[in-house]
Amino acid sequence: FMIKRAQGRNRFGIKNFKKRWFRLTNHEFTYHKHKGDLPHDVPHQATVLRGPHTVRNVPLALSPLLTACDQSLYNIPIENILAVEKLEEESFKMKNMFQVIQPERALYIQANNCVEAKDWIDILTKVSQCNKKRLTKYHPSAYLNGHWLCCKTGTDSAPGCTPCTGGLPANIQLDVDGDRETEHIYSLYSNYRTKLEKMQEACGSRSVYDGPEQDEYSSFIIDDPQETYKVSKQILAAVHALESEHAQYTKNKSQRTKYGSQDHPIGDKSFQCYITQSSGSSTNSV
């Protein structure tokens with residue numbers, strides 16, 4: 001649990017501090033009036049955070065059901081988190097506070113200690129760092145008595161006055177080698193082709209026959225056999241198409257390249273070894 005400042009969703013609403021139980025899932029950040037356990041009928045297999053140090057497992061596909069089953073007082077979709085930053089002590093004369101900034105308002109929260117506050121800031125920043133509308137600047141103090149305490153600006157919608165500290169700036173240019181990353185992804189799929197095929201067989205066995213699991217499939221935990229079968233089939237088809245294209249490319253290159261050329265200089269056996277290995281591996285896989 002932590003202490004949060006009331007949202008004050010209307011202009012004349014009371015904005016005091018209340019003890020609430022917080023939960024973070026893959027989809028949203030919520031708080032509740034009482035400490036409640038997960039419903040007994042929800043299987044435990046994906047990630048749910050009841051606090052920065054408490055992790056329970058529930059299926060990823062079922063995580064939206066957690067909100068439906070629990071009576072949350074307020075929920076913030078992960079895509080609506082624009083920034084998560086510390087809140088200066090001068091705002092409410094309270095320590096260990098941080099703010100979860102949303103498009104319309106900020107949620108002010110006081111953690112039990114500085115370590116817990118940092119853990120919450122780090123995990124909330126991590127799960128929301130890919131949001132397209134993340135802020136580059138924020139207000140380190142609260143908006144009270146008609147102005148921001150940090151910059152004294154009089155409008156509550158004024159842009160931030162301090163650069164955000166968490167995550168990557170929204171306008172950063174990352175130097176990513178697309179070809180190399182694509183090749184890495186392809187190599188992972190290619191190396192784990194056997195496991196993908198086993199998973200596809202397991203999905204087919206479940207969705208078609210709906211009978212008891214065979215021992216060879218018992219290691220797979222599949223929440224939606226039909227959807228997993230469809231996705232694995234598409235992945236395997238893409239890997240097969242890439243291998244066919246690569247085999248054809250290797251064949252054409254070996255036919256066009258002449259001994260003594262720049263690509264295959266005299267005395268260099270590396271090219272011929274590459275062609276031989278590529279042709280052999282492509283033939284076996286195809």
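At position 142 of the sequence shown (counting the first as 1) the number is 142 in full-length UniProt numbering, and the numbers step up by one without a gap.
The beta carbon of each residue, even a glycine, is placed where N, CA and C say it ideally should be.
Which listed residue (the options) has its alpha carbon closest to that of residue i
i           : options                           : result
LYS152      : LYS33, SER91, LYS86 and LYS18     : SER91
HIS139      : TYR108, LYS19, LYS195 and THR194  : TYR108
ASP223      : HIS240, MET199, GLU245 and LEU242 : MET199
GLU201      : GLN226, GLY178 and GLU183         : GLN226
ILE76       : GLU104, CYS150 and THR228         : GLU104
ASN112      : PHE22, LEU144, CYS161 and LYS33   : PHE22
LEU87       : LEU149, LYS230, LEU73 and GLU79   : LEU149
LYS95       : ALA83, LEU82, GLU79 and CYS114    : CYS114
ALA142      : THR162, TYR192, LEU242 and ASN80  : THR162
ALA238      : SER187, THR257, ARG256 and ALA83  : SER187
THR25       : TYR192, SER72 and LEU236          : SER72
ASN131      : SER157, ALA83, LEU236 and PHE29   : ALA83
residue 289 : ARG134, ASP179 and ARG193         : Past the boundaries of the shown model lies residue 289; the chain is included only from 1 to 286, so the question cannot be answered.
ASP28       : LYS35, TYR74 and VAL231           : Before going on, a small fix: residue 28 reads as Glu here, not Asp. With distances taken between Cα atoms, GLU28 lies closest to TYR74.
ARG193      : SER232, ASP177 and THR155         : SER232
Neighbourhood of residue i by C-beta, 8 Å cutoff - its chain only, sequence neighbours within 5 removed
i      : result
GLU85  : PHE98, GLN99, ILE101, ILE121, TYR138, PRO140, CYS164, THR165 and GLY166
VAL286 : Bear in mind that a pLDDT of 41 at VAL286, under 50, signals an unreliable position, so the model cannot answer this.
HIS34  : TRP21
Status (buried if at least 16 other CB within 10 Å, exposed otherwise) for residue i
i      : result
GLN234 : exposed
LEU124 : buried
ALA106 : buried
ILE81  : buried
TYR229 : buried
GLU245 : exposed
GLN110 : buried
Own chain, CB closer than 6 Å to residue i, minus 5 neighbours either side, in chain order
i      : result
VAL127 : ILE78
ARG20  : LYS4 and TYR31
PHE1   : LYS19 and TRP21
LYS253 : none
GLU89  : LYS95
HIS53  : Low local confidence applies: a pLDDT of 40 at HIS53 is under 50, so the model's placement there is unreliable, with the coordinate-based value given in what follows. Result list for HIS53: empty, nothing under 6 Å.
ALA117 : ASN96, PHE98 and ALA111
GLU181 : none
Beta-carbon proximity list for residue i, same chain, < 7 Å, skipping 5 on both sides
i      : result
LEU242 : TYR186
SER190 : VAL239
GLY154 : GLY146 and HIS147
ASP156 : TYR143
LYS195 : none
ASP177 : none
CB contact flag (residue i, residue j, <9 Å)
i      : j      : result
LEU236 : GLU183 : no
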